[in-house]
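K.L.:
Protein chains in written order, with this note's numbering: chain A, 44 to 218; chain B, 67 to 391; chain C, 176 to 397. The beta carbon of each residue, even a glycine, is placed where N, CA and C say it ideally should be.
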Amino acid sequence: MTISVIGQPLPRVDGRAKVTGSARYAADFNQPGQAYAVIVSATIGLGRVTGVDSAAVEKMPGVLAVLSHLNAPRLAYRPHKSYIDPATGERLHVLQDDHVRFHGQPVALVVAATIAQAERAAAALRLTYKAERPIIDSAGPEARPMCPRLANSRTPGCPPTRRAEVRIRPWPTRR
Amino acid sequence: MLPFTIEKVTSIEAAVAAASSGGRLIAGGTTLVDLMRDEVEQPQQLVDINALPLSGIRVDRSDLVIGALARMADIAAHSDVQRLYPLISESLIEGASPQLRNMASIGGNLLQRVRCPYFRMLDASCNKRSPGSGCAARDGLNAGHAILGTSDHCVATHPSDVAVALVALDATMRVRGPKGERTFPVEELFRLPGDTPHLEHTLLPGELIVEVRVPGGPDSRRARYLKVRDRASYEFALVSAAAALDVVDGVIRGARLAVGGVGTRPWRMRAVEAALIGKVPGRQVFEAAARSALEGARPLSGNHYKLELLPRTIVRAFEMTGGIA
Amino acid sequence: MAYWAGSSEGIPTTMTNQEPFAAGAAETESTRGGVSRRSLLLTVGGAASMAVVPQVTAQPASESKPAASTARVRLNVNGTRQELDLDTRQSLLDLLREDLGLTGTKKGCNQGACGACTILLNGRRVVSCLTLAAMHDGAIVETIEGLEKNGELHPLQSAFVEHDGLQCGFCTPGQIMSAVGCIAEGHAGSPEDIRFWMSGNICRCGAYPGIVAAVADAAKRV
């Protein structure tokens, strides 16, 4: 790249591909022999998956596999977190255990030979759940504060809260 | 989507026969295909009626006659509709999106189903979808739901815009079924939920909408549709109003008002209309008349704002009709 | 190895705050799992098929058809005749993308709300995700792939590049096909008109000013 292109109104290099439909996105790859997977999402907000009724779905046209925490490969979620991982809390461990932590959490994956077969099979998959009641009122009596251990702190539990005092002054306007 | 068969019919008789034996009529499919994909609707037999000769739009003496299969876009763009019945054009283009309006028929628009998220979520309690299962909206997310015509069983709003305009203009509809034809006011198509929210309209089994007839008149030309919503386009109404005034020598001689977004069906407001007759049009007159719009209104946990927004929308809609000198 | 056990290490998890109903949590049977975005895995399975049949006489659209759960559909797609046997549930969108390999048309919401799947069906812009292919035997379909003629971009395509009417480009094919319809309908006469009559197409990147400028510009040239 040379300095001569900086500041110049150049057309996008990907412009032609995008306006002709030839730019390919993740879902646009149809390789020979490719299979398709559709995620099945939890319909409870908190609790556990108690059953995955996959027997009938596995026999549906084109279905290659029904993955859930019952048979998914173990993934290596190592304790170390990279800078993109949340400092507090934990990453979602997909299909690794029966816990449901949010409505819509992936709880199964249906794999089939075509996308239409995968979508239909996923829609047909029945799961049973043991639903729990989430605590969603942070000011309510059941809520307990969660405090991350601060890097240099040796004190367990939550530090005492302090209220910040803020004085608001109008921003001086230029005349 | 569950499997289904589809047959295409080319005569109204064949459509009626197919509908009478359990077939589900499909025109544009913009409501039905969406709900079938979610498996809220699970018809086993579809009857494609798009080849029926029911898409005409014509003026018959002073009445506008619209075939049930006429597309929303075509009706709205029709020069006679724009010139003589601008309320119909306006209410049509305020609904859906340009693509959907190219696909959707006016018959299907009247019969469209509610937008309540719990209706569309198979695991939620919904008496309309699953009679007896309860109503999750009553204590759930209900900011967009109705304040008029609700029951303990269902509080979902009827979403059509053009239906509100048709009700305001005293439009009638002709249907044909196994026992022949009948004609009735469009207002009578829609049921209140009561304790049978799964029954939404008064069509008898096998009946097909043939056409809608809008009577012409001095007020049909000076009617306006105001749709208040979170976005400037492509969004359902929080509150909407179809309003018309017939003003002679500075005095209101006739008034028409129907509202949407607030009722479990399009809501004609005859008390408000009556309160305007003989008055000089003006904001205070409109405000006084609009107060009766809230009679019987029952807000939900999330839609109290509609008690304020409804009268204001009515006032603004009347102001828009140009009734003010 | 459940990470819940790690709560004693001071890594808080949402689970530590929530307790089940004292009386025992409710057993819920789900009628369905929700279906959401796809991911791609590999190996095994059939390839997309492309059936091209030369010069099939077009089926008159008004002919009646008996009830069936599969359908033979003949379409003219971007000038090429196609003939396919389909499940009646197949949307026109999936027919284009999966059966014909025309992936330019995008699946955004699959419920008619985003406009990314917009194509021209018999000259009119529609959302192909809510269009059952089996209902359109004999139809003419135009997609983004068919706009370019003999290596020359359609004025709208050039305008979108010139006016930067895109960023990620995912909505762009739908925007352009919708704009073709918008201009043909006579609804591109002013920026206000364009904004209203293009409102069936959503752009998550927010390239709307460029889109409006592109449509306004191209409308003069089309």
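Alpha carbon to alpha carbon, how far is Cys289 (chain C) from Ala93 (chain B)? Give it in angstroms, no decimals.
P.N.:
Your numbering for residue 93 (chain B) matches position 27 in the second sequence. Your numbering for residue 289 (chain C) matches position 114 in the third sequence. About 21 Å.
K.L.:
Where does Met239 (chain B) sit, in a helix, a strand or coil, going by DSSP?
P.N.:
If you number the second sequence from 1, residue 239 (chain B) lands on position 173. Correct three-state label for Met239 (chain B): strand.
K.L.:
Could you check whether the Cβ of Val355 (chain C) sits closer than 8 Å to any Cβ belonging to chain A?
P.N.:
Sequence index remark: in the third sequence, residue 355 (chain C) carries index 180 (1-based). For Val355 (chain C), the answer is no, since every Cβ of chain A falls outside 8 Å of its Cβ.
K.L.:
Assuming the contact rule is C-beta atoms closer than 8 Å, Lys74 (chain B) and Ser239 (chain C) should be a hit. Round their C-beta distance to whole Å, please.
P.N.:
If you number the second sequence from 1, residue 74 (chain B) lands on position 8. If you number the third sequence from 1, residue 239 (chain C) lands on position 64. Right, the Cβ-Cβ distance comes to about 5 Å (below 8 Å), so this counts as a contact.
K.L.:
Which same chain residues end up closer than 7 Å to Arg195 (chain B) when comparing Cβ atoms and leaving out the 5 residues on each side of it in sequence?
P.N.:
Stepping through the second sequence from its first residue, residue 195 (chain B) is reached at position 129. Around Arg195 (chain B): Val106, Phe185.
K.L.:
What are the uninterrupted segments assigned as beta strand (DSSP E) that are 3 or more residues long and contained completely in the region 45-99 of chain A, given in chain order?
P.N.:
Counting only runs of 3 or more, we get 78-84, 90-96.
K.L.:
Return helix, strand or coil for Gly287 (chain C), following the three-state DSSP convention.
P.N.:
Reading the third sequence from its first residue, position 112 is the one you call residue 287 (chain C). Of the three classes helix, strand and coil, the one that applies to Gly287 (chain C) here is coil, per DSSP.
K.L.:
Pull up the distance between the alpha-carbon of Ala291 (chain C) and that of Ser163 (chain B), whole angstroms please.
P.N.:
Indexing the third sequence from 1 puts residue 291 (chain C) at position 116. Indexing the second sequence from 1 puts residue 163 (chain B) at position 97. Going by the C-alpha atoms only, they are around 13 Å apart.
K.L.:
Check whether the Cβ atoms of Leu323 (chain B) and Ile380 (chain B) lie closer than 8 Å to each other.
P.N.:
Here residue 323 (chain B) is taken as the residue at index 257 of the second sequence, counted from 1. Here residue 380 (chain B) is taken as the residue at index 314 of the second sequence, counted from 1. Taking 8 Å as the Cβ cut-off, Leu323 (chain B) and Ile380 (chain B) qualify as a contacting pair.
K.L.:
For Gly364 (chain C), does the count of other Cβ atoms within 10 angstroms reach 16, so buried, or fall short, so exposed?
P.N.:
Counted from its first residue, the third sequence places residue 364 (chain C) at position 189. Flag for Gly364 (chain C) reads exposed.
K.L.:
Any beta carbon from chain A within less than 8 Å of Leu267 (chain C)'s own beta carbon?
P.N.:
Within the third sequence, residue 267 (chain C) is the residue found at index 92, counting from 1. With 8 Å as the cut-off, Leu267 (chain C) does not count as an interface residue toward chain A.
K.L.:
Alpha carbon to alpha carbon, how far is Ser443 (chain B) from Cys192 (chain B)?
P.N.:
Nothing can be reported for residue 443 (chain B), as the shown portion of chain B is limited to 67 through 391.
K.L.:
On the DSSP bridge assignment, give the partners of Gly320 (chain B) in chain order.
P.N.:
Translated into the one-based positions of the second sequence, residue 320 (chain B) becomes position 254. B:Asp312, per the DSSP bridge assignment.
K.L.:
For a minimum of 4 consecutive residues, which ranges assigned as the alpha helix (DSSP H) are wholly contained in the region 349-388 of chain C?
P.N.:
Counting whole runs of 4 or more residues, the region 349-388 of chain C contains the alpha helix (DSSP H) stretches 366-372.
K.L.:
Three or more C-beta pairs closer than 8 Å, one from the region 149-163 of chain A and one from the region 100-113 of chain A: is that the case here?
P.N.:
Result yes; three or more Cβ-Cβ pairs closer than 8 Å.
K.L.:
Would you say Leu398 (chain C) and His329 (chain C) are within 8 Å of each other, going by their C-beta atoms?
P.N.:
The structure shown has nothing for residue 398 (chain C), since chain C only spans 176 to 397.
K.L.:
Starting from Pro149 (chain A), follow the beta strand (DSSP E) in both directions and report where the run begins and ends.
P.N.:
What you label residue 149 (chain A) is simply residue 106 of the first sequence in a count that begins at 1. Its beta strand (DSSP E) spans residues 149-155.
K.L.:
Chain B partners of Pro241 (chain C), CB-CB under 7 Å?
P.N.:
As a working note, residue 241 (chain C) is residue 66 in the third sequence. Neighbours of Pro241 (chain C) on chain B, chain order: Glu73.
K.L.:
Would Arg290 (chain B) and Ala383 (chain B) be called neighbours here (beta carbons separated by less than 8 Å)?
P.N.:
Working through the second sequence from its first residue, we reach residue 290 (chain B) at position 224. Working through the second sequence from its first residue, we reach residue 383 (chain B) at position 317. In contact: Arg290 (chain B) and Ala383 (chain B) (Cβ atoms closer than 8 Å).
K.L.:
Under three-state DSSP, which class holds Cys182 (chain B)?
P.N.:
Taking the second sequence and counting its residues from 1, the one referred to as residue 182 (chain B) is at position 116. DSSP places Cys182 (chain B) in coil when its eight states are reduced to three.
K.L.:
On the premise that Asp236 (chain B) lies in contact with Gly161 (chain B), defined as a C-beta separation below 8 Å, what is that separation, rounded to the nearest angstrom?
P.N.:
Locating residue 161 (chain B) in the second sequence gives position 95, where the first residue counts as 1. Locating residue 236 (chain B) in the second sequence gives position 170, where the first residue counts as 1. In fact, because the Cβ distance is near 20 Å, the residues do not count as touching under 8 Å.
K.L.:
Please list the residues of the region 112-144 of chain B that have a C-beta atom closer than 9 Å to any C-beta atom in chain C, keeping them in chain order.
P.N.:
Of all residues in the region 112-144 of chain B, Leu112, Val113, Asp114, Asn116, Ala117, Arg137, Ala139, Ala143 have a Cβ within less than 9 Å of some Cβ in chain C.
K.L.:
Looking at the structure shown, is Cys304 (chain C) part of a helix, part of a strand, or coil, going by DSSP?
P.N.:
The residue given as residue 304 (chain C) occupies position 129 in the third sequence. In this structure, Cys304 (chain C) counts as helix in the three-state DSSP scheme.
K.L.:
I'd like to check one pair, Ala303 (chain B) with Gly272 (chain B): are the Cβ atoms closer than 8 Å?
P.N.:
If you number the second sequence from 1, residue 272 (chain B) lands on position 206. If you number the second sequence from 1, residue 303 (chain B) lands on position 237. Their beta carbons are not under 8 Å apart, which means Gly272 (chain B) does not touch Ala303 (chain B) by this criterion.
K.L.:
Starting from Asn251 (chain C) and walking both ways along the beta strand (DSSP E), at which residues does that stretch end?
P.N.:
Residue numbering aside, residue 251 (chain C) sits at position 76 when the third sequence is read from its first letter. Taken as a continuous stretch (DSSP letters only), the beta strand (DSSP E) holding Asn251 (chain C) covers 245-252.
K.L.:
Val99 (chain B): buried (16+ other C-beta within 10 angstroms of its C-beta) or exposed?
P.N.:
For the purposes of this step, residue 99 (chain B) is identified with residue 33 of the second sequence, where counting begins at 1. Buried: at least 16 other Cβ atoms inside 10 Å.
K.L.:
Return the chain-ordered list of same chain residues with a C-beta closer than 6 Å to the C-beta of Met138 (chain B), the five sequence neighbours on each side being excluded.
P.N.:
Against the second sequence, residue 138 (chain B) aligns to sequence position 72. If we look at Met138 (chain B) and ignore the five residues flanking it on each side, its Cβ neighbours are Leu158, Arg167, Ala170.
K.L.:
Out of B:Glu254, B:Leu292, B:Leu101, B:Leu188, which one is the CA nearest neighbour of Arg154 (chain B)?
P.N.:
The residue you call residue 154 (chain B) lines up with position 88 of the second sequence. The sequence shown places Ile at residue 154 (chain B), not Arg. Ranking B:Glu254, B:Leu292, B:Leu101, B:Leu188 by Cα distance to Ile154 (chain B) puts B:Leu292 first.
K.L.:
For Gly287 (chain C), I'd like the list of residues in its chain whose CB is within less than 7 Å of its CB, leaving aside the five on either flank, ordered along the chain.
P.N.:
As a first step, residue 287 (chain C) must be located in the third sequence, where it is residue number 112. If we look at Gly287 (chain C) and ignore the five residues flanking it on each side, its Cβ neighbours are Val302, Cys304, Leu305.
K.L.:
Of the choices A:Ser47, A:Val62, A:Val92, whose alpha-carbon is the least far from that of Val143 (chain A)?
P.N.:
Here residue 143 (chain A) refers to the residue found at position 100 of the first sequence. Among A:Ser47, A:Val62, A:Val92, the Cα nearest to that of Val143 (chain A) is on A:Val92.
K.L.:
Do Phe345 (chain C) and Lys281 (chain C) have their CB atoms nearer than 8 Å?
P.N.:
Here the question's residue 345 (chain C) lines up with position 170 in the third sequence. Here the question's residue 281 (chain C) lines up with position 106 in the third sequence. Yes; because the gap between Cβ atoms is below 8 Å, this pair is in contact.
K.L.:
Only counting the same chain, and skipping five residues up and downstream in sequence, which positions put a Cβ closer than 6 Å to that of Val180 (chain B)?
P.N.:
By 1-based counting over the second sequence, the position of residue 180 (chain B) is 114. So the list reads Ala222, once near-sequence residues are dropped.
K.L.:
Using only CA atoms, which one of B:Arg204, B:Ser306, B:Val338 lies nearest to Ala321 (chain B)?
P.N.:
For the purposes of this step, residue 321 (chain B) is taken as residue 255 along the second sequence, with counting starting at 1. When only C-alpha atoms are compared, the closest one is B:Val338.
K.L.:
Comparing the C-beta of Thr171 (chain A) with each C-beta of chain B, is any distance below 8 Å?
P.N.:
The residue you call residue 171 (chain A) lines up with position 128 of the first sequence. For Thr171 (chain A), the answer is no, since every Cβ of chain B falls outside 8 Å of its Cβ.
K.L.:
Within 8 Å of any Cβ in chain C, is that where the Cβ of Thr33 (chain B) sits?
P.N.:
Outside the shown range of chain B, which is 67 to 391, sits residue 33 (chain B), and nothing can be said about it.
K.L.:
Step through the CB atoms of chain A and report whether any lies within less than 8 Å of the CB of Glu337 (chain C).
P.N.:
Here the question's residue 337 (chain C) lines up with position 162 in the third sequence. Cβ-Cβ to chain A under 8 Å: yes for Glu337 (chain C).
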